[in-house]
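Have a look at the structure below, then the notes.
2 protein chains.
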Amino acid sequence: MSTYKIDDVARETGLTKRTIRYYEEIGLMPAPERSDGGTRRYTREHIDHLRRVIDARDVLGFSLQEIQEYLISAQELTGQRELYRQIQDPAEQLGKLREMDVTLDAQLRKLDEKIGKILALKKDLTELQERVRGGIDRLEPKD
Amino acid sequence: MSTYKIDDVARETGLTKRTIRYYEEIGLMPAPERSDGGTRRYTREHIDHLRRVIDARDVLGFSLQEIQEYLISAQELTGQRELYRQIQDPAEQLGKLREMDVTLDAQLRKLDEKIGKILALKKDLTELQERVRGGIDRLEPKD
DNA sequence: TCTAACGTTGACGTTAACGTTAATATGTAG
DNA sequence: CTACATATTAACGTTAACGTCAACGTTAGA
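Chains S and B, in that order, are what the protein sequence lines are. Take any residue in the first sequence, note its place counting from 1, add 391, and you have its number in our numbering. Take any residue in the second sequence, note its place counting from 1, add 391, and you have its number in our numbering.
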């Protein structure tokens with residue numbers, strides 16, 4: 392399994408090395424394995440993970456804390472399915488899943504709200520553009 | 392023309408008084424008229440203006456500096472409109488309108504890009520939720 | 001007219017999200 | 001094995017976006 396040094400990750404993600412370590416520090420990224428000397432060895436999954444974080448940060452304008460809530464629910468099912476399987480008590484499993492369901496509902500509602508407001512803004516701009524284009528049509532030399 | 396005190400504006404917008412003064416300080420809002428004693432007297436336009444700022448901040452996740460740029464281009468548009476009316480030469484009018492059309496195109500593309508990425512994220516979350524709900528179904532006591 | 005409620009301007013405090021620097025250890029090309 | 005680029009932690013610095021407090025002036029109602 393090939394690994395990446397922090398500088399490789401920085402180049403691929405566009406983040407600085409400081410930011411990458413910071414995201415690990417605040418729990419936004421799983422801590423990678425270390426070499427004998429203590430050097431971080433990242434995998435491709437770390438890079439994919441960071442890509443999602445960057446998207447949520449830039450596109451949605453989420454705070455890192457909000458991103459954390461989103462990632463926690465994503466991790467608990469996909470990445471750490473093993474940990475989930477170690478929960479023996481089915482009742483506990485069920486509780487965990489229901490908790491995730493509620494969290495996801497909230498996140499999805501947030502997204503819908505955002506989309507709705509952006510669409511409203513888009514409608515305003517589109518209407519203005521239509522008026523502008525009407526003006527252009529009226530002024531353009533017709534043949 | 393009826394005016395509003397800062398506390399009224401705060402209540403209507405949900406911003407704090409400190410934030411309102413701060414937005415004026417950094418040029419995010421036109422400075423309102425003052426009473427003889429120096430008390431700020433806001434108009435409805437100030438409130439409408441703040442609403443847009445809040446939307447851009449919360450919905451689009453823009454930094455205050457980005458909002459400033461956005462507002463400037465919005466102002467340019469209205470400025471272009473006023474300018475447009477004063478133009479006598481139809482050829483010049485046509486040029487102005489085409490300029491506005493280009494500006495609007497750029498803004499609309501930005502919004503589309505955001506919507507696209509939000510929809511991608513929404514798809515991810517929805518799929519995750521489906522898997523979670525599948526797990527719940529499997530664990531739930533069946534009768 | 002008096003006074004309580006509200007407004008004003010500094011000015012310093014706070015938190016998130018990193019940047020920067022220093023002192024030191026590690027990885028690697030020759 | 002040496003040298004040099006790159007890594008590590010620790011700690012203090014910085015910027016945006018406000019919060020909070022003090023000291024003081026203004027407004028509005030009884």
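No residue lacks a Cβ here, since even glycine has one placed at the ideal position from N, Cα and C.
Could you check whether the Cβ of E531 (chain B) sits closer than 8 angstroms to any Cβ belonging to chain S? yes
Starting from T517 (chain B), trace the alpha helix (DSSP H) in both directions and tell me its first and last residue. P481 to L530
Residues near Y433 (chain S) in its chain [Cβ-Cβ closer than 8 angstroms; skip 5 each side]: T394, Y395, K396, I397, D399, V400 and P423
Straight-line CA distance for Q456 (chain S) to D528 (chain S)? 50 angstroms
Report all residues from its chain with a CB closer than 8 angstroms to the CB of H437 (chain B); omit the five preceding and five following residues, and keep chain order. Y395, V400, M420, P421 and P423
So, is the C-beta of L499 (chain B) closer than 8 angstroms to a C-beta in chain S? yes
Interfacial residues, the segment 411-422 of chain S to chain B, with Cβ spacing under 9 angstroms: none
Could you pull the DSSP bridge partners for E424 (chain B) from this structure? B:R432
So is T517 (chain S) in contact with chain B if we call contact Cβ pairs under 8 angstroms? yes
Against chain S, does I445 (chain B) count as a neighbour if the rule is that its beta carbon must be under 8 angstroms from one of theirs? no
Along the chain, where does the alpha helix (DSSP H) containing V450 (chain B) start, and where does it finish? Where V450 (chain B) is concerned, there is no enclosing alpha helix (DSSP H), given that its DSSP letter is neither H nor E.
Hey, would you say T410 (chain S) sits closer than 8 angstroms to L499 (chain B), going by beta carbons? no
How far does the alpha helix (DSSP H) with T410 (chain B) in it extend, from its first residue to its last? K408 to E416
Among S:L441, S:S426, S:E415 and S:T430, which residue has its Cα nearest to the Cα of R402 (chain S)? S:L441
In terms of residue numbering, what span does the alpha helix (DSSP H) encompassing T394 (chain S) cover? It is not in any alpha helix (DSSP H) - T394 (chain S) carries neither H nor E in the DSSP assignment.
What does R489 (chain S) touch in chain B if you count any residue whose Cβ is under 7 angstroms from its own? I527
Alpha-carbon to alpha-carbon, R524 (chain S) and L462 (chain B): 22 angstroms
Contact the segment 496-516 of chain S vs the segment 492-510 of chain B: 3+ CB pairs below 8 angstroms: yes
Looking at the structure shown, is I478 (chain B) part of a helix, part of a strand, or coil, going by DSSP? coil
Would you tell me roughly how many angstroms separate the C-alpha atoms of E490 (chain B) and T404 (chain S), rounded to the nearest one? 36 angstroms
In terms of alpha-carbon separation, which member of B:E460, B:R431, B:G526 and B:D496 lies closest to P481 (chain S)? B:G526
Beta carbon proximity, L462 (chain S) to chain B, threshold 8 angstroms: no
Strictly below 7 angstroms CB to CB, what residues from chain B border R524 (chain S)? D492
Beta-carbon contacts of I445 (chain B) that lie in its chain and below 8 angstroms, excluding the five residues immediately before and after: T404, G405 and L406
Among residues of its own chain, excluding the 5 on either side of Q471 (chain S), which ones have a beta-carbon nearer than 8 angstroms to its beta-carbon? Below a pLDDT of 50, predicted positions are generally treated as unreliable, and Q471 (chain S), at 47, falls in that range; no measurement from the model is reported.
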